[in-house]
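Here is the structure we will look at, set down as structure tokens.
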Amino acid sequence: MITGPLTPFGAYDVTAPANQAPYLPHPVSYFLYVAADVELVGPLDNPADGEQMVGVLALPPRQAVDYLAEFDTGSAVLPLAIEFGLAGPDHSR
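856 is the number that the working numbering gives to position 31 of the sequence shown; each next residue is one higher, with no gaps.
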């Protein structure tokens with residue numbers, strides 16, 4: 826559950842030759858990165874028409890950067906949030 830304000834800190838647009846997922850606009854999509862405080866309050870609840878999550882792993886931000894780098898080409902956004910002071914135990918929003 827989101828427990829604080831959404832703080833935008835980055836955005837980009839994409840023009841793709843093919844639809845990447847049925848729920849994304851095509852051929853142009855816009856993405857906004859935000860940071861927010863969250864609290865895990867129960868088991869996963871995946872909507873039928875959205876991306877299906879298989880688990881939640883809570884890690885300290887710098888450890889999460891290393892973990893995400895193994896799977897996700899977009900993991901560079903987390904160090905940006907850390908640099909802006911938006912992630913970690915001493916973040917100031």
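Here a beta-carbon is modelled for each residue, glycine too, at the ideal position from N, C-alpha and C.
Exposed unless 16 or more other CB atoms sit within 10 angstroms - verdict on residue i
i, result
"Leu882", "exposed"
"Ala836", "exposed"
"Leu771", "Since the displayed the chain opens at 826 and closes at 918, residue 771 lies outside it and no answer follows."
"Ala860", "buried"
"Leu903", "buried"
"Ala901", "exposed"
"Ala843", "exposed"
Residue range of the alpha helix (DSSP H) that includes residue i
i, result
"Tyr848", "Tyr848 -> no alpha helix (DSSP H), and no H or E assigned at all."
"Pro904", "Val902 to Glu908"
"Gln888", "Pro886 to Ala894"
Rounded separation between residue i and residue j - CA only
i, j, result
"Ala912", "Asp891", "15 Å"
"Ala873", "Tyr848", "11 Å"
"Asp786", "Ala889", "Outside the shown range of the chain (826 to 918) lies residue 786, about which nothing can therefore be said."
"Leu893", "Gly867", "23 Å"
"Pro852", "Leu831", "27 Å"
"Glu812", "Leu884", "Since the first and last residues shown for the chain are 826 and 918, residue 812 lies out of range."
"Ala846", "Gly899", "17 Å"
"Leu869", "Thr840", "31 Å"
Residues that DSSP places opposite residue i in a beta bridge
i, result
"Phe856", "Tyr837"
"Val863", "Ile827"
Heavy atom of the ligand NAP within 6 Å of residue i beta-carbon
i, result
"Phe856", "Annotation note on the ligand NAP: not contained in the displayed structure, which lists no ligands."
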